[in-house]
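J.: Taking the numbering used here, the leading residue of the sequence shown gets 712, the next gets one more, and so forth.
Glycine included, every Cβ here is placed at the ideal spot set by N, Cα and C.
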Amino acid sequence: MAASPAGSNASPQNLRLRRPDDWHVHLRDGALLELVAPATARTFARAIVMPNLSPPITTVAAAVAYGARIRAALPEGSRFTPLLTAYLTDTIAAEEIERGHREGVFTACKLYPAHATTNAAAGVTDLARIEAVLTAMERIGMPLLIHGEVTDAEIDIFDREAVFIERHLAPLLVRHPGLKVVLEHITTAESVAFVRQAGPNLAATITPHHLHINRNAMFQGGLRPNFYCLPVAKRERHRLALRQAATSGEPCFFLGTDSAPHPRSAKESACGCAGIYNAPHALESYAEVFEQEGALERLEGFASLHGPAFYGLPLNEGTITLVREPHTVPPRLHGQGEGGAATDLVPFHAGQVLQWRLAEEG
Ligand code: DOR
Ligand code: ZN
């Protein structure tokens, strides 16, 4: 990473980073895909694209078709590569997963506990049911990406991640010590500690929003549905642990935005959807955190180096530049929804000033 003025203690005005990747994003489909894909492709060279469409991506053929729709939604000349994932269900066949991996279609598999979140109804009801799939993935070195929350109604929503680790993740890692696992979008100090003490086959992604907000954000002066996501933001001590982990330089923590757009009408509703749309300023949002933590020199590791190393993929060629240029994030982004109807998205940091701006590629 190059920062200028080089070697001085003054705040740098420019940050040049190897081009980063987003290891967890929701690009959706149809009109929403067309609206959001350019924002991710502008910043990131690659992204692990979540398969929780309706219906979910459970076959190689569906993934190939989805990959083509993503490419069609990119701006002319974009070099962005979507890395597709398979949505695990109770009945998915290990052969389909293996074939998708062998053919370069599936980079990883996503485990949603059934009913854990958006379009997770077809998720896994019991890990025992996918034992053959997990065994195959372990054998072929295919990463398992986990939404780590239990869904039992009697478990407090703020405890669901910690209970998942204890009941499901820890035993899973013992049963499959060779399986590469990413615990996605971690939200607690306990998750940070668990990932740290595990071996090199466990890593975690951390979102920008969990670094910026704690659970108070959802209730600041009234109910704020645009800060609602899953796993839900936790107490301040957890946010601080996440900031320490992300900026620590440890290779087991890397960037995954979990950018999860929903139309404003679906967020600002009596039963609002979970998800925060952060793609338009994701890297700028992370840069803000790294600067506040005095760790700007470690942003490149988190954003561009640790993820490829864990996935066993090459580093990206080329660089991007962040420029210190305070700017206000628009309160709304306007686009066309299904059937051409107007759709608004409320971006993360709506109406706030961010210090860094991604320079357009030269
Ligand atoms: O907040 C979330 N939104 N969390 C998830 O796990 C899913 C995502 C979505 O797809 O909307
Ligand atoms: Zn997600």
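Who are the near neighbours of L744 in its chain, counting only those whose CB is closer than 7 Å to its CB and skipping five residues on each side?
T.: L738, R780, I781 and A784
J.: Between the region 755-764 and the region 783-802, are three or more C-beta pairs nearer than 8 Å?
T.: Short answer: they touch.
J.: Taking 8 Å as the threshold (C-beta atoms), are L764 and C820 in contact?
T.: no
J.: Thinking C-alpha only, which one of E1049, Q1063 and F1021 is nearest V1040?
T.: Among E1049, Q1063 and F1021, the Cα nearest to that of V1040 belongs to Q1063.
J.: Where do the ends of the beta strand (DSSP E) carrying T846 lie?
T.: Looking at the DSSP string, T846 is not in any beta strand (DSSP E); the run it does join, the alpha helix (DSSP H), is E842 to I851.
J.: Taking C-alpha atoms, which residue in I851, V943 and T751 lies nearest to R926?
T.: Checking every option, the nearest Cα to that of R926 belongs to V943.
J.: Taking the straight line between their C-alpha atoms, what separation do you get for T828 and L941?
T.: Between the alpha carbons of T828 and L941 lies a gap of roughly 7 Å.
J.: G986: beta carbon under 7 Å from a heavy atom of the ligand DOR?
T.: True, at least one ligand heavy atom lies under 7 Å from that Cβ.
J.: For A1052, which option in G741, R729, S722 and R727 has the closest C-alpha, if you only look at C-alpha atoms?
T.: G741
J.: Can you grab the Cα-Cα spacing for the pair F1013 / A805, in whole Å?
T.: 32 Å
J.: Taking C-alpha atoms, which residue in N912, H973 and H896 lies nearest to S956?
T.: Checking the sequence shown, residue 956 turns out to be Ala, not Ser. When the alpha-carbon of A956 is set against those of N912, H973 and H896, the nearest one is in H896.
J.: Just the C-alpha distance for E849 and L884, rounded to the nearest angstrom, thanks.
T.: Those two C-alpha atoms are separated by around 11 Å.
J.: So within the region 738-822, which uninterrupted alpha helix (DSSP H) runs reach at least 4 residues, ignoring any that extend past its ends?
T.: 741-754, 771-783 and 805-813
J.: Let me confirm a value: E1028 is counted as buried when at least 16 other C-beta atoms fall within 10 Å, else exposed. Which label applies?
T.: Burial call: exposed.
J.: Mark R954 as exposed unless 16 or more other C-beta atoms lie within 10 angstroms of its C-beta, in which case mark it buried.
T.: buried
J.: Since F1001 is in the alpha helix (DSSP H), which residue starts that stretch and which ends it?
T.: It spans A993 to Q1003 - the alpha helix (DSSP H) in which F1001 sits, taken as one unbroken run.
J.: Can you give, in chain order, each stretch of the beta strand (DSSP E) that sits fully within the region 894-963 and has at least 3 residues?
T.: 913-917
J.: Would G1018 count as contacting chain C if we go by Cβ distances under 8 Å?
T.: No chain C is part of this structure, which consists of one protein chain only.
J.: When every heavy atom of the ligand ZN is checked, does at least one fall within less than 7 Å of the C-beta of H737?
T.: yes
J.: Please determine whether the Cβ atom of D733 lies at a distance below 7 Å from any heavy atom of the ligand DOR.
T.: no
J.: Quick test of your reading: L838 and H879, contact by CB under 8 Å. State the CB separation rounded to the nearest angstrom.
T.: 6 Å
J.: CA-CA distance, F965 and S959?
T.: 11 Å
J.: When you compare the CB positions of R729 and E1011, do they come within less than 8 Å of one another, or not?
T.: yes
J.: Within this structure, are the beta carbons of T968 and P919 separated by less than 8 Å?
T.: A Cβ-Cβ contact shorter than 8 Å links T968 with P919.
J.: Buried or exposed for S789, please, with buried defined as at least 16 other CB atoms from any protein chain shown within 10 angstroms of its CB.
T.: exposed
J.: Out of curiosity, what's the CA-to-CA distance linking A772 and P1037?
T.: The straight-line gap from Cα to Cα measures roughly 44 Å.
J.: Quick one: using the 10 Å Cβ neighbour count with 16 as the cut-off for buried, is V1057 buried or exposed?
T.: buried
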